[in-house]
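> Protein chains in written order, with this note's numbering: chain A, 1 to 501; chain B, 1001 to 1320.
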Amino acid sequence: MHELLSAVAKILSYPTILWIALGEVLGILLGALPGLTATMGMALMLPISFYLTPEASIGLMLGVYFGAVSGASIPAILFGIPGNPNAIATVYDGYAMARKGEGGVALGTAVVASFIGGLGSMLVLFFAAPLLAAASLWFGPAEYFSLAVASLTVIAATSGKAISKGILAALFGMMLGTVGIDSIAGLPRFTLGNIYLLNGFSLVAALIGLFGIAQVLEDLETTRKGGLQAVIPKIGKVFPSMKYLISRARIILESIGIGTVIGALPGAGASVGVVLAYERAREISPEKEKFGKGALDGVLAPEVANNACIGGGLIPTLALGIPGESAAVMLMAALIMHGIAPGPMLFGKHMDLVYAIFVAMVVSNICMLLFQLGGVRLFARALMIPPYLLSTLVLLLSIIGAFALESSVFDAFAAVAFGILGWWMKRAGYPVIPLVLGLILGPMLESEFRRAVMIAGTYTTFFTRPLSLALLAGGALYLAHQIRKLRKEAAAEAAASGGGA
Amino acid sequence: MKRSGLYAKRLSVVLCAVILAALVFAPAAAAQWPDGKAVTLVVPFAAGGGTDIIARMLVEAMQPYVNGPIVIKNVPGSGSGIGTNEVMLARPDGYTLLLSGTHTITAALQGYTIRSLDSLEHVASLNWDPYVIAVGVNQPYHTLEELIEAGSAVTFGNAGAGALTHLISEALNEATGAGWRIVPFNGGAQLIANVVGGHVVAGIFSQSEMLGQLTTLRPLAVTSSTRSPLFPDIPTLEELGYTGIPQGSFRSISAPKGLAPEVKQAIAKAVYSGLTDPKFRQYAAENGLIETYLEGPELEAYYAELEELLRGLLEKIGAL
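#1: Residue 1199 of chain B versus chain A: which residues are under 7 Å apart at the beta carbon?
#2: Where does residue 1128 of chain B fall in DSSP's three states?
#3: Specify the secondary structure class of residue 1295 of chain B as computed by DSSP and reduced to three states.
#4: Within 8 Å, do at least three Cβ pairs link the stretch 1132 to 1142 of chain B to the stretch 1222 to 1238 of chain B?
#5: What's the gap between the Cα of residue 126 of chain A and the Cα of residue 199 of chain A?
#6: Which of helix, strand or coil does DSSP assign to residue 1206 of chain B?
#7: For a cutoff of 8 Å on Cβ pairs, would you count residue 501 of chain A as touching chain B?
#8: Which of the three DSSP states, helix, strand or coil, is assigned to residue 84 of chain A?
#9: Given that residue 199 of chain A touches chain B, what residues does it touch there, using C-beta distances under 7 Å?
#10: Compile a chain-ordered list of the residues in the stretch 1181 to 1197 of chain B whose CB is closer than 8 Å to at least one CB of chain A.
#11: Output the distance between the C-alpha atoms of residue 1096 of chain B and residue 1282 of chain B, rounded to the nearest integer angstrom.
#12: Mind checking residue 1027 of chain B: buried by the 16 CB within 10 Å criterion, or exposed?
#13: Helix, strand or coil, according to DSSP, for residue 416 of chain A in the structure here?
#14: Closer than 8 Å between beta carbons: that is the criterion. Which residues of the stretch 1203 to 1216 of chain B meet it against chain A?
#15: What is the DSSP secondary structure of residue 1078 of chain B, reduced to helix, strand or coil?
#16: Who are the Cβ neighbours of residue 1119 of chain B in its own chain at under 6 Å, not counting the five residues just before and after it?
#17: Okay, do the stretch 335 to 355 of chain A and the stretch 295 to 310 of chain A touch, 3+ Cβ pairs below 8 Å being the bar?
#18: Kindly say whether residue 1056 of chain B, judged by its beta-carbon, lies nearer than 8 Å to any beta-carbon of chain A.
#19: Residue 170 of chain A: buried (16+ other C-beta within 10 angstroms of its C-beta) or exposed?
#20: Assess, as a yes-or-no matter, whether the stretch 42 to 51 of chain A is touched by the stretch 372 to 389 of chain A under the definition of 3 or more beta carbon pairs within less than 8 Å.
#21: So who's on the other strand from residue 1218 of chain B, going by DSSP bridges?
#22: Please identify the residue among B:1114, B:1178, B:1168, B:1116 whose C-alpha is closest to the C-alpha of residue 1145 of chain B.
#23: What three-state label does DSSP hand residue 1183 of chain B in the structure shown?
#24: Using the rule of at least 16 other Cβ atoms within 10 Å of the residue's Cβ for burial, across every protein chain shown, is residue 445 of chain A buried or exposed?
#25: DSSP state of residue 178 of chain A, grouped into three classes?
#26: Any idea what DSSP makes of residue 223 of chain A, helix, strand or coil?
#27: Could you check what DSSP says for residue 12 of chain A in three-state terms: helix, strand or coil?
#28: With distances taken from CA atoms, which of A:13, A:29, A:16 is nearest residue 371 of chain A?
#29: Confirm, please, whether the CB-CB distance from residue 146 of chain A to residue 472 of chain A is below 8 Å.
#30: Taking the C-alpha atoms as reference points, what is the distance between residue 1184 of chain B and residue 1198 of chain B?
#31: Does residue 292 of chain A have its Cβ less than 8 Å from a Cβ in chain B?
#32: Using 8 Å as the limit for Cβ to Cβ distance, is residue 1173 of chain B near chain A?
#33: So which residues on chain A does residue 1067 of chain B lean against when the C-beta distance must stay under 7 Å?
#34: Output needed for residue 1127 of chain B: all residues of its chain with C-beta closer than 7 Å, excluding positions within five of it in sequence on either side, in chain order.
#35: Whole angstroms is fine: what's the gap from residue 2 of chain A's alpha carbon to residue 122 of chain A's?
#36: Taking only beta-carbon positions, decide if residue 25 of chain A is within less than 8 Å of chain B.
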């Protein structure tokens, strides 16, 4: 208790809290600009953090991290481009709401959801970090393979009526994921001798293309047909009511759970977590028929989940010294620079610092809420820009963003190619998200499969390891359930139209 | 009138003196590196990794000895190939430098760079960063000999296919005749999780990774030829009788080929000043870096030797 109070005092002291606020502002800006990521901002702050106290440097880093993850929802909602991979699921309903003139309340809900998700996962981290960290070690190559299979199954199966198209898109994404240096043999594949393809396609360039540029192309088509109208947003109400939040308690809690668990598994990534949370919300939401057309629940769930992923990701980072993603690597680097090695000994030896991290999480979440609250009305005004100007702006930002990530002209071209692909897929009725997740999960699926077989020496390892078997069975059951549901719906529809005729 | 004439005369005298002085000092200024212009040090890895932190600490220590800012530019990708390319294609004026080392050799040999290693000039070396061979604490092996005897029952993880840790694992497997099953992982973090979780038996770790896992991993040997100051009780591979294995990760500063000799010397001097700065030395000691300063023909010969060793190992694992 004494340690907790002294941590509160340290974090709330004058320069420290200023650094957190500064990090938060920087993070929100980076998150809001497609192509600029939390990792990039944290790398920039790394040399500065060396001169700060350990508490202030952790606060600064966490500020950038939380800010960027919540800031990414701004372009996702306003322009349909996720600011970074954490916001891919927010695009569906957030952007649909903006198009209907409800962008203000979508933005406000995203902010409140981020706040709830951040605090919720902080509580989980506080009470269950060592326990969850130990559980994450049960996952070996066989389990990660089965997790990837189960995730892809869930995602493909929920692609609405076009299950086959969803599976096809996921497979195509996995195919694109094979480009680059093979992670087991170390040899380049399908790179056509181009050194810029050795690392495979950049995920950020793919996102910018598939969402941003594809949207611009689609708008262009609509405009030519004379259809695109500027929406006059009603910015009036930006905050979801308390009544609404309480009525969605189940979605919020489940999203926190999904986000924290997926975040705690190194390598799975927030983009998988948000899609799973979105799909889960679609199942249990009272307004499930509105999903994809502008359901507030469709913004709430992924935004709770992506901030919950941060807390989840900190579990293996702090308790095991195993960072789950690149932003967590930065956080670890900041600690190492101060002579503190995260790992199993952190919770015993540096308990004061662990408490400081918890307090910094709370403070940076509060900062995020305050700054975003101030900004929401301002951001929503971007919707008043006439469509022809807005499309030009989005195209420009997309290409600059794709270039900026690694100062790579190749990535800018790749984004344009992905844009054309995304535009065509949408016209032909193929969902885009399974493709993105195929791109992310494909390489994981393949390399973990090969690793598991190398270790066990047999292909049966996926079925003889209980956790792996459970994950595979879960995926299969979900697929069967989804197909049965669709059949029933189709039968009901046929009966209804039959009765009408 | 007369007064102003006098002033004009004085002014012209002063100007003459200034111009003369400028002429006298001009050659010296031209040879000076840098003349206030920013120097870019390309780090071919993402920010926050082991090599990046060393680069940042070195730049910090070098800065007082250099007349102009040194800026770190992270250009990650293709096992350091993309960043190396950028330097290979830059002008050899001393304003674009590369944080090079064993990673540069493996990237160039595997064809991840457009040009060959010959397009680089090595200016000064920094240090060796040895690796630690360790098993999970729950494993029954307490010495390297016991691990070797266990043979093919042992799964041995490394941080990436074709990476230095992979080459060292294969070299060790060959030198000891152990017959371990070598499993490449996707980075150090994933490797730690799998060894600590008991999914593989043993692995090869950086010293900073090892320091964070003292209660979960048991170190058996270090790869350097001298004992690491961080693990003074852990024997080296050389002590145990195994040779022909890279000592760890070697790091140096390189530039595009064709540097003016005096510029090359000035850079080497600045690197030396930074490397031997008490603050950097303290940092190096705390992180187990073994200072290895070489320059000129000595360094080029050292590089040639390393290239030969790594080429042989890459051929052995089938990556060439």
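All C-beta atoms, glycine included, are put in the ideal place defined by N, C-alpha and C.
In terms of the structure at hand:
#1: 140, 141, 455
#2: strand
#3: strand
#4: yes
#5: 37 Å
#6: strand
#7: Caution is warranted here: a pLDDT of 43 is assigned to residue 501 of chain A, below 50, making its placement in the model unreliable, and no coordinate value can be reported.
#8: coil
#9: 1077, 1078
#10: 1181, 1183, 1184, 1185, 1186, 1189, 1190, 1192, 1193, 1194, 1196, 1197
#11: 27 Å
#12: Only weak support is given to the placement of residue 1027 of chain B: the predicted model assigns it a pLDDT of 44, under 50, and the value that follows is read from those uncertain coordinates. The residue in question, residue 1027 of chain B, is exposed, as its Cβ has fewer than 16 Cβ neighbours within 10 Å.
#13: helix
#14: 1208, 1209, 1211, 1212, 1213, 1214, 1215, 1216
#15: helix
#16: 1088, 1257
#17: no
#18: yes
#19: buried
#20: no
#21: B:1135
#22: B:1178
#23: strand
#24: buried
#25: coil
#26: helix
#27: helix
#28: A:29
#29: yes
#30: 15 Å
#31: no
#32: no
#33: Under the 7 Å cutoff, chain A gives no residues; its nearest Cβ is about 20 Å from residue 1067 of chain B.
#34: 1251, 1284, 1289, 1290, 1291, 1292
#35: 20 Å
#36: no
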